[in-house]
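Just below is one structure, and these are the notes that go with it.
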Amino acid sequence: MLQRSLIEAVVDLLASNGKVFLQSDVKAVAVRMKEEFLKYGKGKLDLVHDQCNREFSGGMWLEENPFGVHSDWEQHVLDRGAPMYRLMLSKLTEK
Numbered sequence: 095m096l097q098r099s100l101i102e103a104v105v106d107l108l109a110s111n112g113k114v115f116l117q118s119d120v121k122a123v124a125v126r127m128k129e130e131f132l133k134y135g136k137g138k139l140d141l142v143h144d145q146c147n148r149e150f151s152g153g154m155w156l157e158e159n160p161f162g163v164h165s166d167w168e169q170h171v172l173d174r175g176a177p178m179y180r181l182m183l184s185k186l187t188e189k
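For this note's numbering, count along the sequence shown from 1 and bump the result up by 94.
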């Protein structure tokens, strides 16, 4: 899965208001990635809620890929009618 040191490095190098996009076709994996980024993100990350689909699993997941282009795997998953679990984290503005 994700290494704590990788998450810490990403957060340290991410600009204020910078975004981290996470997605998986396995809900448990997506939840774990979210939890690990929030846990090891040194309190500097927050979920972006403005694009959440409230009807899809309690409103935690983004309905669409924010980049507008699907990866090959993402397209394969969507073509078979399965869900993609997507979320966006944002680095809080430093004061």
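We put the beta carbon where it would ideally sit given N, CA and C, even for glycine.
Range of the contiguous alpha helix (DSSP H) that encloses F131: Residue 131 sits at position 37 when you count from the first residue of the sequence shown. Annotation: the continuous alpha helix (DSSP H) that includes F131 extends over K121 to Y134.
Neighbour-count burial assignment, S118, 16 or more Cβ in a 10 Å radius: The sequence position of residue 118 within the sequence shown is 24, counting from 1. When all chains shown are included, S118 counts as buried.
Proximity to S165 [Cα-Cα], best of K136, A122 and L116: Within the sequence shown, numbered from 1, the residue matching residue 165 stands at position 71. For the residues K136, A122 and L116, the minimum Cα distance to S165 belongs to L116.
Buried/exposed call for G135, threshold 16 Cβ in 10 Å: The residue you call residue 135 lines up with position 41 of the sequence shown. Using a 10 angstroms sphere on the CB of G135, the tally of other CB atoms reaches 16 or more, which defines it as buried.
DSSP-derived helix/strand/coil call for L183: Walking along the sequence shown from the start, residue 183 turns up at place 89. Three-state DSSP puts L183 in a strand.
Between the CA atoms of L132 and V142 - distance to the nearest angstrom: Taking the sequence shown and counting its residues from 1, one reaches residue 142 at position 48. Taking the sequence shown and counting its residues from 1, one reaches residue 132 at position 38. Taking the straight line joining both Cα atoms gives about 12 angstroms.
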